[in-house]
DNA sequence: ACCTGAACACCGTTCAAGT
DNA sequence: ACCTGAACACCGTTCAAGT
């Protein structure tokens, strides 16, 4: 039951290596946002202006490169939900804004949408398990507030969230004409029973 | 605005070709159900006991082979919804059983779940467009009944269905612990407003 | 006509040679 | 220490040779 943060071993890198790593990440962000898992390593290298070997020096596999980008997105989402807990007094509005933020970021990033669709859907275990648990812990607080205020159905629990995130992510990812309409249906569906 | 059924050109096949085609389809059903798009053509050939070339003789690409299997699933689903319209007098129960049938079949077939997640989500256009439209036409009748009976929110329209199918499919596909719970939330969410 | 499987193409990954 | 890109492996697809 360790609560240790994941160990980050920041080896001192040579100046050119630091620059290259950043260029690879920039290129990868663009490539993965556009094409999701279909992004090609050769293309990432080309966009970054480095050889493929350099991409692999910084990230052992394509999978790992994708994970690094997803990790950034998780950080952003976790930070956003924290600000909701701190600054959004309306418990319903906070829940709404959380889902909306996820969807909006996913609309511009296929890999992020795909990651949340499969992560949230599958077992939580995996490379991003720690962040997923952290995000869910924050969601739990959003939900507790909402239940206490009576603005959501009282049987709604944090264990329901992964499926909801998965569902929303796949609708956004699929490029449905209007994910906002689906979000509306999803959110209305969380309201107290019976209608 | 042609209403012609898709032309089926059933060339007379040699007896061994008929057998091989069936063996390929059987093998492909198993492989695609288990592994979805990750199924391998070499593996399909091996399971079928034929050479890869034979698989390609009957289906020009892996994509096309997958489509053939999805086509079967659509036929099954369309037939099922027709029986609902004929035999299920309770309009709410009919809607419920329709979603449940989709989810249950998807739970045993990764390729089918993936197909519905991306088809229903993306633009309807594509190889299965005709079947998708047919299915949606049937859904439209289910919905019309349900609205008339006042058992669903009155702003729920058939255009909302693709997103709902997409969402459900991805939750089932992702192997979430309990897609039945998500289905419950989804269905409750379709009930008349305000709660 | 139809079948087979070796050969080819594409893309993820490695590694010997360079700076 | 880090970079490069040719070479290798894997899997989708083709096609010359067989029945």
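Protein chains in written order, with our numbering: chain A, 5 to 199; chain B, 5 to 199.
For glycine and all other residues, C-beta sits at the position ideal for the given N, C-alpha and C.
Option nearest residue i by Cα separation, candidates the options
i	options	result
residue 77 of chain A	A:61, A:109, A:96	A:109
residue 159 of chain B	B:148, B:102, B:27	B:148
residue 104 of chain B	B:27, B:81, B:54, B:122	B:81
residue 186 of chain A	B:186, B:168, B:197, B:189	B:168
residue 119 of chain A	A:161, A:97, A:22, A:68	A:68
residue 34 of chain A	A:115, A:130, A:181	A:115
residue 30 of chain B	B:72, B:190, B:136, B:166	B:72
residue 140 of chain A	A:151, A:130, A:155, A:124	A:124
residue 145 of chain A	A:49, A:136, A:86, A:113	A:86
residue 22 of chain A	A:58, A:46, A:162	A:58
residue 60 of chain A	A:39, A:99, A:32, A:170	A:32
residue 49 of chain B	B:24, B:138, B:38	B:24
residue 161 of chain A	A:170, A:155, A:151	A:151
residue 155 of chain B	B:180, B:19, B:51, B:194	B:194
residue 111 of chain A	A:19, A:178, A:20, A:42	A:178
residue 70 of chain B	B:17, B:117, B:84	B:117
residue 157 of chain B	B:181, B:196, B:188	B:196
residue 64 of chain B	B:175, B:39, B:45	B:45
residue 131 of chain B	B:75, B:90, B:84, B:170	B:75
residue 18 of chain B	B:52, B:90, B:62	B:62
residue 79 of chain B	B:163, B:20, B:137, B:99	B:137
residue 192 of chain B	B:100, B:51, B:89	B:100
residue 66 of chain A	A:43, A:88, A:51	A:43
Rounded Cβ spacing between residue i and residue j (contact assumed at less than 8 Å)
i	j	result
residue 56 of chain A	residue 27 of chain A	Residue 56 of chain A to residue 27 of chain A, Cβ: 13 Å. No contact.
residue 153 of chain A	residue 93 of chain A	In fact, because the Cβ distance is near 10 Å, the residues do not count as touching under 8 Å.
residue 143 of chain B	residue 165 of chain B	5 Å
residue 107 of chain B	residue 183 of chain B	6 Å
residue 113 of chain B	residue 41 of chain B	With a Cβ gap of about 12 Å, residue 113 of chain B and residue 41 of chain B do not count as contacting.
residue 172 of chain A	residue 190 of chain A	6 Å
residue 175 of chain A	residue 170 of chain B	5 Å
Residue i - containing alpha helix (DSSP H), residue span
i	result
residue 87 of chain B	66-91
residue 175 of chain A	165-177
residue 135 of chain B	133-152
residue 57 of chain B	56-62
residue 50 of chain B	45-52
residue 100 of chain A	95-111
residue 185 of chain B	183-192
residue 39 of chain A	19-39
Please name the residues in the region 44-68 of chain B whose beta-carbon is closer than 9 Å to at least one beta-carbon of chain A, in chain order.
-> Answer set for the region 44-68 of chain B: empty.
Using Cβ-Cβ distances below 9 Å, what residues of the region 157-170 of chain B are close to chain A?
-> For the region 157-170 of chain B, which is checked against every Cβ of chain A, the residues closer than 9 Å are 157, 160, 163, 164, 166, 167, 168, 170.
Please name the residues in the region 178-198 of chain A whose beta-carbon is closer than 9 Å to at least one beta-carbon of chain B, in chain order.
-> So the list reads 178, 179, 180, 181, 182, 183, 185, 186, 189, 190, 191, 192, 193, 194, 195, 196, 197, 198, given in the order they occur along the chain.
Interface positions of the region 79-109 of chain A facing chain B (Cβ-Cβ less than 7 Å), listed along the chain = Within the region 79-109 of chain A, not one residue has a Cβ closer than 7 Å to any Cβ of chain B.
Could you name the residues of the region 22-38 of chain A whose beta carbon sits closer than 7 Å to any beta carbon of chain B, in the order they occur along the chain?
-> Within the region 22-38 of chain A, no residue has a Cβ that lies closer than 7 Å to any Cβ of chain B.
Contact residues within the region 145-157 of chain A, judged by C-beta distance below 8 Å to chain B | Listed by position along the chain: 157.
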